[in-house]
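As structure tokens, the structure follows; a few thoughts come after it.
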């Protein structure tokens, strides 16, 4: 099933009054540092603390009665897990989530708190996809993956749709990339605008599969990358996201974990909001000089804010500075 701009527009209507219309944050300090106008879409303030709620709810709301009765299954390190759990609670659908044993404790607790059943797995023994397929076959669950699903992609694109409705004539849109759901949906929106807008995806350097895919033209993968950006530890782009990324995205760049820590600290201190390492990817590419945006109007999607505060403080204490 192809995903189009009209699917994103339909998802926006479906999410109206359900998902938060998150604010756009600005900072004179950030603008001065980059000599540009930066507009940050604060999806860390979305329900469940990340953009993932948009795609989860959009997908689950379109299930038929039979699928709803059987329940759904998803796998996630945390943000999609929480999103699915809350969407299931709101829609009255039983939800089972496959999560790694080392998922951030704050995300595990929240997922359970929203009412989902959590099944933990050892990522060194079995893949989440394999375990998820086994459970789905056994119980008849409908699988809603974290990014490679048309309705999920369309839902994620509504964040960029709102940003571009609130801020006219963006020249560049910076978007984090794990499996490419947010990047694909955002690119669909950006390329439908009358004003030309470059779309740039950003990955952790330790999980650069999409960047290598983008430049090689063939699907690349990673295996359990040890980046602090746990939301971007996906193995590869998907069958739906890869064609959209290849067709619509203008460039891909990577940033190292040290840059993510510096950016997190900058945002916490200057913008006064809590973001997680994955949520820092788009801004980190700007602050680390990976993209020249001088004199331009730039949108940056802050994808989430679900971070273990003690772990974040420990990262800051290791000496990384702005």
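Numbering (our numbering), first residue to last: 282 to 603. The C-beta atom is built at its ideal place from N, Cα and C for all residues, glycine as well. Bear in mind the structure is a predicted one, so any value in this text is a computation, not a measurement.
Among residues of its own chain, excluding the 5 on either side of residue i, which ones have a beta-carbon nearer than 8 Å to its beta-carbon?
i, result
"residue 416", "354, 377, 379, 400, 422"
"residue 300", "327, 328, 334, 335, 338, 439"
"residue 283", "431"
"residue 449", "476"
"residue 538", "485, 486, 487, 508, 509, 510, 558"
"residue 287", "none"
"residue 298", "none"
What residue does the alpha helix (DSSP H) around residue i start on, and which one ends it?
i, result
"residue 404", "That residue, residue 404, is in no alpha helix (DSSP H); it is neither H nor E in DSSP."
"residue 379", "Careful: residue 379 lies outside any alpha helix (DSSP H), inside the beta strand (DSSP E) at 376–381."
"residue 485", "Element bounds for residue 485: not the alpha helix (DSSP H) but the beta strand (DSSP E), 479–485."
"residue 463", "462–471"
"residue 346", "346–351"
"residue 394", "386–394"
"residue 369", "360–372"
"residue 524", "522–529"
"residue 596", "590–598"
"residue 288", "286–296"
"residue 564", "562–568"
"residue 497", "490–497"
What are the boundary residues of the beta strand (DSSP E) that includes residue i?
i, result
"residue 580", "578–583"
"residue 434", "Unbroken run through residue 434 is the alpha helix (DSSP H), 431–447; no beta strand (DSSP E)."
"residue 332", "Counting along the chain, residue 332 falls outside any beta strand (DSSP E), and DSSP gives it neither H nor E."
"residue 625", "Any answer about residue 625 is impossible in this case: the structure gives the chain only from 282 up to 603."
"residue 456", "453–457"
With a cut-off of 8 Å on the beta carbons, I'd call residue i and residue j a contact; round off their distance for me.
i, j, result
"residue 555", "residue 325", "7 Å"
"residue 581", "residue 596", "Not confirmed; about 21 Å, so no contact."
"residue 541", "residue 510", "6 Å"
"residue 522", "residue 461", "3 Å"
"residue 574", "residue 315", "6 Å"
"residue 519", "residue 557", "Not quite, the Cβ-Cβ distance comes to about 22 Å (not below 8 Å), so this is no contact."
"residue 526", "residue 565", "Rounded, the Cβ-Cβ distance is 19 Å, inconsistent with contact."
"residue 435", "residue 289", "5 Å"
"residue 322", "residue 444", "4 Å"
"residue 548", "residue 561", "7 Å"
Comparing alpha-carbon positions, which option in the options lies nearest residue i?
i, options, result
"residue 331", "319, 320, 303, 348", "303"
"residue 498", "532, 396, 310, 578", "532"
"residue 357", "320, 425, 526", "425"
"residue 456", "513, 390, 295, 517", "513"
"residue 428", "317, 410, 536", "410"
"residue 405", "418, 383, 397", "383"
"residue 403", "387, 369, 381", "381"
"residue 475", "463, 391, 515, 452", "452"
"residue 437", "584, 307, 478", "584"
"residue 407", "599, 504, 590", "504"
"residue 285", "465, 305, 345", "465"
"residue 590", "420, 388, 351, 362", "388"
"residue 363", "385, 598, 524, 306", "385"
"residue 463", "373, 442, 447, 545", "442"
Excluding the 5 residues flanking residue i on each side, which residues of the same chain have their C-beta closer than 6 Å to its C-beta?
i, result
"residue 393", "399"
"residue 291", "none"
In chain order, what residues of the same chain have a beta carbon less than 7 Å from the beta carbon of residue i, not counting five sequence neighbours either side?
i, result
"residue 295", "339, 342"
"residue 614", "Lying before the first or after the last residue shown, residue 614 is absent from the chain, which here runs from 282 to 603."
"residue 367", "328, 329, 334, 395"
"residue 348", "423"
"residue 491", "458, 461, 482, 484, 518, 526, 533"
"residue 569", "536, 540"
"residue 413", "354, 356, 379, 424"
Name, in chain order, the residues that DSSP records as bridge partners for residue i.
i, result
"residue 323", "583"
"residue 355", "378"
"residue 305", "322"
"residue 423", "353"
"residue 550", "Bridge partners of residue 550: none, in fact."
"residue 398", "377"
Quick one: does residue i have its CB under 9 Å from some CB of chain D?
i, result
"residue 532", "Among the chains of the structure shown, chain D does not appear; only one protein chain is present."
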